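For reference, the structure is listed below as structure tokens.
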Amino acid sequence: MLLSIDPNQALVHFANSSTIYPISNDVSYASFSLNHQAYLVAITSLIIKPQTFSQVVKSEKWREAMRKEINALEQNGSWTLESLPLGKRAMDFKRVYKIKYKHDGTIEHYKARLVAKDFMQIEGLDYHKTFAHVAKLVTIRVLLAVASVIMTLKKEGKGMETVLLS
């Protein structure tokens with residue numbers, strides 16, 4: 066089945082996107098069969114993600130994605146409203162937009178994320194210590210081995226007391 070898209074129109078749309086070097090500068094559709102032309106149009110005229118907030122607010126799908134993100138952050142208790150101390154400024158944020166596709170290439174949903182620019186914080190002023198919980202691979206292997214033994218014992222009908230006493 067051929068797509069009802071004119072390859073030349075798709076190339077114009079693609080060339081006007083934010084891509085610096087569009088494929089249309091190097092490839093001519095004329096040398097391809099009609100089926101191949103339809104395929105190339107399909108893969109080169111994908112929906113372009115918005116680059117600015119003003120582009121996003123024009124689309125109801127992106128506005129809905131932003132509403133879902135804000136609602137999820139509020140429901141999770143991700144923040145509390147506080148008064149900003151004198152001489153301090155609020156941490157800046159960035160919006161990240163992504164289109165999630167199904168395995169067949171159709172759009173599953175639009176995703177909007179609100180990301181804090183915590184890299185702008187100053188050590189000693191905005192924070193004093195950082196700590197990340199990191200498990201060593203050996204620890205994870207031991208935990209998996211213990212869990213495996215416990216599951217095997219449960220399948221055999223033996224309790225931990227029986228194993229420890231014998």
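Okay, so the sequence shown: first residue is 66 according to the numbering used here, each after it adds one.
Ideal placement from N, C-alpha and C gives every residue a C-beta, glycine not left out.
Note that the structure is a prediction, hence the values are computed from the model and not measured.
Worksheet item: How should Leu105 be labelled, buried or exposed, when 16 other C-beta atoms within 10 angstroms of its C-beta is the threshold for buried?
Response: buried
Practice prompt. For Asp183, collect the residues of the same chain with a Cβ closer than 7 Å to its Cβ; drop the 5 residues on either side in sequence, then sort them by chain order.
Written response: Met156
Worksheet item: Among Lys219, Lys114, Leu99 and Gly222, which one has its Cα closest to the Cα of Tyr166?
Response: Lys114
Practice prompt. Could you tell me whether the Cβ atoms of Ile187 and Tyr175 are closer together than 8 Å?
Written response: no
Worksheet item: How long is the line joining the alpha carbons of Lys123 and Ser93, rounded to whole angstroms?
Response: 33 Å
Worksheet entry | Residues bridged to Lys159 (per DSSP) | Val180
Practice prompt. Within its chain, find whatever has a CB closer than 8 Å to the CB of Ser213; leave out the 5 residues flanking it on each side and keep chain order.
Written response: none
Discussion item. On a Cα-Cα basis, can you pick out the residue from Met131, His101, Val207 and Leu208 that is closest to Leu179?
Written reply: Met131
Worksheet item: Would DSSP call Glu221 helix, strand or coil?
Response: helix
Worksheet item: What first and last residue would you give for the alpha helix (DSSP H) that runs through Ile187?
Response: No alpha helix (DSSP H) contains Ile187, which DSSP labels as neither H nor E.
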